[in-house]
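Student: Take a look at this one; I'll ask things after.
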Amino acid sequence: MTITNIQLNIIPDSRGEDTLEAEIISGEYRVTASVPSGKSKGKNEAFVLEPKKALEKFTEIKSQLLEKDFSSLEEFDNFLISLDGTPKKENLGGNLILVLSLGFTKLLAKADGLELYEEIAKISGVKAEKLPLCLFNLIEGGVHIHPAPNGAGLPFQEYLYIPQINSPKESLAEVMLVIRSLGEEIHQKYEHLRQGDEGGYTIPSNDPLVGLEFLQGQALLRLARPGLAENYRLGLDVAASTFFHDGLYLVGDKTMGEKVWIVGDDITTTNPESIKIAHEKNAINAVIIKPNQIGSVTETIRAANLAKSFGWKIIVSHRSGETKDTFIADLAVGLGADGLKSGCPLQEARLVKYQRLVEIEEKWHI
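Residue numbering for the sequence shown follows our numbering, starting at 36 and increasing by one per position.
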């Protein structure tokens, strides 16, 4: 495939910070892609180049991208990685390489007459035949919030509500009921209702258990559909490495068993080498997949496939600074992922990812 033209722009993300958007054209095909940014980052993540600097770098390499005929996504990504020439993409920036990689993947889907998730499945060698569970971040803490006037804020970063339904449409309808009830409960107790970076509610308390108590509250369950208590699970984003000892996660006098997903994020950073190390240490049994941690779609697919070969659960995730690009929803389906984590659907940049899953579900049921 030969690229006819590329236009790179700077746009605001969901936090109002600058990020990159690319419009890529190949003959009659035109696509747009944009990249998110994270606030809580692993030390081995791909380097993020300041967007204005990325525009300058792009100007330097643009002609080389327009001159070549790329036969595959892997060839396109490897060409960009070779132009960069650094282990963590510090020359061109992981954000610049990724926005171009996302766009090229979308172009391939257009040219092949496929849905984006079908193109990703074709590249990854996965049969796209299941929809991921939706992991909704309803309560926020940690670095994703501005503490209350009294300085209080939950220490855990995310309190996730996870309907055990393989129907994004039903999950989304259910969680909207839960969000309404949750907001009423928090407002009744604390008067003020505030939201974090990902659209979830914040609670002016330093006690991490308070968030769980709200999500398990009987008033919340009564407002949802019958049987809800048996059909959802909770998730937490915490500094779990602090209670990992001798190959086990110890919480009080309890050991977490196989039913609990111990999910690697900062220790794996969607990086095959880091994933191998985590496997050797038996540190986790599930992994977060974030394309901008590694900086290209090819490497993202490679990391996910490696994790799956270890029998791990796969959760495709957004970042705290998001855009309205729905690529990760298609990625989750195309990889055969077990979950999609895209924040709280009160925020449009989060909602559109879940809505894309609903679109795919409806296509499958036609």
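The beta carbon of each residue, even a glycine, is placed where N, CA and C say it ideally should be.
1) At which residue ranges does the stretch 140-180 contain complete alpha helix (DSSP H) runs of 4 or more residues, listed in the order of the chain?
2) Select from GLU383, ASP365, GLU226 the residue whose C-alpha is nearest the C-alpha of PRO326.
3) Could you spell out the range, first to last residue, of the alpha helix (DSSP H) harbouring SER344?
4) Go ahead and pull the three-state DSSP assignment for ASP119.
5) Quick check on DSSP: helix, strand or coil for GLU125?
6) Pull the bridge partners of GLU58 from the DSSP assignment, please.
7) For a test of the three-state rule: what should DSSP assign to LEU250, helix, strand or coil?
8) If we count the other Cβ atoms within 10 Å of its Cβ and call it buried at 16 or more, is LYS124 buried or exposed?
9) Strictly by DSSP, which residues pair up with ILE324?
10) What residue range is occupied by the uninterrupted beta strand (DSSP E) comprising PRO198?
11) Near SER240, what residues of its chain come up, given a Cβ to Cβ distance below 7 Å and the 5 sequence neighbours on each side ignored?
12) What is the C-beta distance between ASP232 and SER355, in whole angstroms, given that I count them as a contact (C-beta under 8 Å)?
13) Comparing C-alpha positions only, which one of ALA339, GLU334, ILE329 sits nearest to GLY73?
14) Could you check if ASN317 is buried or exposed, using at least 16 other CB atoms within 10 Å of its CB as the buried criterion?
15) Between the Cα of ASP373 and the Cα atoms of ASP104, GLU226, ALA342, which residue gives the shortest distance?
16) Among ILE59, ALA156, PRO243, ILE96, whose alpha-carbon lies nearest the alpha-carbon of ILE363?
17) Three or more beta-carbon pairs under 8 Å between the stretch 379-386 and the stretch 167-176, yes or no?
18) Pull up the CB-CB distance for LEU269 and TYR389, whole angstroms please, since I reckon it's below 8 Å.
19) Starting from LEU269, follow the beta strand (DSSP E) in both directions and report where the run begins and ends.
20) Just reading off the beta strand (DSSP E) that LYS311 is part of, what are its end residues?
21) With a CB to CB cut of under 8 Å and the five nearest residues on each side skipped, what residues in its chain are close to ASN185?
22) Do TRP296 and ALA313 have their CB atoms nearer than 8 Å?
23) In whole angstroms, give me the CA-to-CA distance for LYS141 and LEU151.
24) Taking buried to mean at least 16 other C-beta atoms within 10 Å of its own C-beta, is ASN201 buried or exposed?
25) For the stretch 101-114 against the stretch 331-345, are there 3 or more C-beta pairs whose distance is under 8 Å?
26) Quick one: using the 10 Å Cβ neighbour count with 16 as the cut-off for buried, is GLY51 buried or exposed?
27) If you reduce the DSSP assignment to three classes, tell me which class ARG50 lands in.
Tutor: From the atom records:
1) 151-159
2) Along the sequence shown, read from residue 1 onward, the residue named residue 326 stands at position 291. Ranking GLU383, ASP365, GLU226 by Cα distance to PRO326 puts ASP365 first.
3) Position 309 of the sequence shown, counted from the start, is the residue given in the question as residue 344. Note, SER344: alpha helix (DSSP H), 332-344.
4) By 1-based counting over the sequence shown, the position of residue 119 is 84. Residue state, collapsed to three classes: helix.
5) Counting from one through the sequence shown, the residue named residue 125 turns up at place 90. DSSP places GLU125 in coil when its eight states are reduced to three.
6) For the purposes of this step, residue 58 is taken as residue 23 along the sequence shown, with counting starting at 1. Answer is GLN42, THR67, bridged to GLU58.
7) Residue mapping note: residue 250 aligns to position 215 of the sequence shown, counting from 1. Helix.
8) Here the question's residue 124 lines up with position 89 in the sequence shown. By the neighbour-count rule (16 or more Cβ atoms within 10 Å), LYS124 is buried.
9) The residue labelled residue 324 in the question sits at position 289 within the sequence shown. DSSP output for ILE324 lists VAL351 as bridge partner(s).
10) Numbered from its first residue, the sequence shown carries residue 198 at position 163. First-last of the beta strand (DSSP E) with PRO198: 193-198.
11) On the sequence shown, residue 240 is found 205 positions in, with the first residue counted as 1. ALA187, LEU189.
12) Position 197 of the sequence shown, counting from 1, holds the residue named residue 232. Position 320 of the sequence shown, counting from 1, holds the residue named residue 355. Yes, they are in contact, since the Cβ atoms of ASP232 and SER355 sit about 4 Å apart, within 8 Å.
13) The count along the sequence shown starts at 1 and reaches residue 73 at position 38. Taking only the C-alpha atoms, the option nearest GLY73 is ILE329.
14) Taking the sequence shown and counting its residues from 1, one reaches residue 317 at position 282. Answer is exposed; the Cβ neighbour count stays below 16.
15) Within the sequence shown, numbered from 1, the residue matching residue 373 stands at position 338. ASP373 has its Cα closest to that of ALA342, out of ASP104, GLU226, ALA342.
16) Taking the first residue of the sequence shown as 1, we reach residue 363 at position 328. Closest option to ILE363, Cα to Cα, is ALA156.
17) yes
18) Position 234 of the sequence shown, counted from the first residue, corresponds to residue 269. Position 354 of the sequence shown, counted from the first residue, corresponds to residue 389. With 8 Å as the limit, LEU269 and TYR389 do not qualify as a contact, their Cβ atoms being about 18 Å apart.
19) Here the question's residue 269 lines up with position 234 in the sequence shown. Residues 267-272.
20) Counting from 1 along the sequence shown, the entry for residue 311 is found at position 276. It is not in any beta strand (DSSP E) - LYS311 instead sits in the alpha helix (DSSP H) that spans 307-315.
21) Position 150 of the sequence shown, counting from 1, holds the residue named residue 185. Within the same chain, ASN185 has close Cβ partners PRO239.
22) On the sequence shown, position 261 is the one that residue 296 refers to. On the sequence shown, position 278 is the one that residue 313 refers to. Cβ atoms of TRP296 and ALA313: not closer than 8 Å.
23) The residue labelled residue 141 in the question sits at position 106 within the sequence shown. The residue labelled residue 151 in the question sits at position 116 within the sequence shown. Those two C-alpha atoms are separated by around 6 Å.
24) Here residue 201 corresponds to residue number 166 of the sequence shown, with the count starting at 1. Result: exposed.
25) yes
26) As a working note, residue 51 is residue 16 in the sequence shown. Answer is exposed; the Cβ neighbour count stays below 16.
27) Sequence index remark: in the sequence shown, residue 50 carries index 15 (1-based). If DSSP states are grouped into helix, strand and coil, ARG50 belongs with coil.
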